[in-house]
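Numbering-wise (my numbering), the sequence shown opens with residue -13 and increments by one. One structure below.
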Amino acid sequence: MSIVVTAATGHLGTLVIDELLQRVPAEQIVAVARNASKAAPIADRGVEVRIADYNDPDALAKAFGPGDTVLLISSSEVGNRLAQHQAVIDAAKHAGVARIAYTGILGGPEADLALAADHKATEQAILDSGLTYTFLRNGFYNEVYTEQLATQLEHGVVGSTGDGRLATASRRDFAAAAAVVLSTDGHDKAAYELNGDTDWSLADYAAELSRKTGKEVAYNNVPGEVLLGILTGAGLPEPLAELLVDIDKAVERGLLTGRGSDLTRLIGRPTTPLADSIAAAVH
-13 MSIVVTAATG HLGTLVIDEL LQRVPAEQIV AVARNASKAA PIADRGVEVR IADYNDPDAL
47 AKAFGPGDTV LLISSSEVGN RLAQHQAVID AAKHAGVARI AYTGILGGPE ADLALAADHK
107 ATEQAILDSG LTYTFLRNGF YNEVYTEQLA TQLEHGVVGS TGDGRLATAS RRDFAAAAAV
167 VLSTDGHDKA AYELNGDTDW SLADYAAELS RKTGKEVAYN NVPGEVLLGI LTGAGLPEPL
227 AELLVDIDKA VERGLLTGRG SDLTRLIGRP TTPLADSIAA AVH
C-alpha cells in the first residue's frame, strides 16, 4: 500500500514529493510521471517511479495498486482534462485504491467561474465512482503572479480585478497540505477549502513589488475587453485569454478572498505571505 502522486514532476507534484519525504519513508511513496528522465531526480531520492500518462489508460492501469492512497493533481490541459481525470479515476477504482485526493478549486461546486467547470465535474465523477475521497480545493498560488515578474517590471501590473482581493498562499503551502492529507488519517470524505491567511489586491501587489525592487510599479486596471485584447495581442489563444479575463472578473466579484483557515490548520503554521514570495522571486 503506497502513497501515489500523479503528475509528480510538475511544479506542485515535485513539492508534494518533497513534503512527503519529510513525513514518511521513501519506500512508501510512488511517483507517477510521463517522462523517466525528468523523474530521475525523484528516483534518486529512493522513490519508486511509475511511467504513465493521463491520456494512456493502459499505462494508468499499472500505476495504482490495491489499498493505495492516490493524489490526482489536476491536469493543466484545459479542454482535455476532464477526460484525463476520468481515466485516472477509472484506473484507481479498477485497482481498488483505498482513497483518492483531488486538487480542485476554491469553492468547489459553488465556484462561479469558467475555470471551475472541469473541477466541479471531476469532483462529481469521484463521487459517482464510489471511491473514498478527499477534496483539496486549492486557492491561487502566490507564484501565479510572481512568476510574471519580468513582464510586470517592464509593463506594470495589468488586470481587470478592480478592488477585488485574493487570499493566496505559496505553492509549497498547498503541497504541504496535500502531504499531510496523504500521510495521516481522518480525511475521508472531507472537502478542504484552502487559501492564504491574508488577502490582497493587485494594487497591493504592485505596491509591494515596488518596495521589493525599488522600481515604481503601477497597477493598471482595465476593462475586460481591453485585457482580452492585450492578452491575445501578446500571442495567447483567445480561449485561454477569455479564461484569464473571467478569472479577473471572479476576483473583482470577491470569489477568491478566502473561505476560512483549513490550510493553516492542516500545515500547522501560517501560510507564506505574498511579500515573502515576491522577495524570493526578486532575489
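The C-beta atom is built at its ideal place from N, Cα and C for all residues, glycine as well. None of these values were measured; they are calculated from a predicted model.
Practice item. Report the option in L1, N41, A(-6), A49 whose CA atom is closest to the CA atom of S23. Key: Looking at the Cα atoms, A(-6) is the closest of the given residues.
Review point. Going by Cα to Cα distance, which pick from I15, V16, A78, N21 is closest to L46?
Key: When the alpha-carbon of L46 is set against those of I15, V16, A78, N21, the nearest one is in A78.
Point to revise | Neighbourhood of G210 by C-beta distance below 8 Å, restricted to the same chain and skipping five residues each side | key: Excluding sequence positions up to five before and after G210, its CB lies within less than 8 Å of the CB of S146, V231, D234, K235, all in the same chain and listed in chain order.
Point to revise | Where G65 sits in the DSSP three-state scheme | key: Looking at G65 - three-state DSSP - the assignment turns out to be coil, as it is neither helix nor strand.
**Study point:** Cβ-Cβ separation, D54 to S115 (assumed contact under 8 Å), whole Å
**Key:** Not a contact, Cβ separation roughly 15 Å.
**Study point:** Given P11 as reference, the closest of A165, G215, L122, A189 once Cα atoms are compared
**Key:** If we check each option's Cα against that of P11, A165 comes out closest.
Check your understanding: How would you call R85, buried or exposed, if buried means at least 16 neighbouring beta carbons within 10 angstroms?
Key -> Buried.
Check your understanding: Are V144 and V203 touching if we call contact CB-CB under 8 Å?
Key -> If you check the CB distance, V144 and V203 do not come in under 8 Å.
Exercise for review: Look at L249 and A155 and say whether their C-beta atoms are less than 8 Å apart.
Suggested key: A155 sits close to L249, with the two beta carbons spaced by under 8 Å.
Review point. From L195 to L152, what distance separates their C-alpha atoms?
Key: Going from the Cα of L195 to the Cα of L152 covers about 16 Å.
Review point. Who are S187's beta bridge partners in DSSP?
Key: According to DSSP, which records beta bridges pairwise, S187 is partnered with R151.
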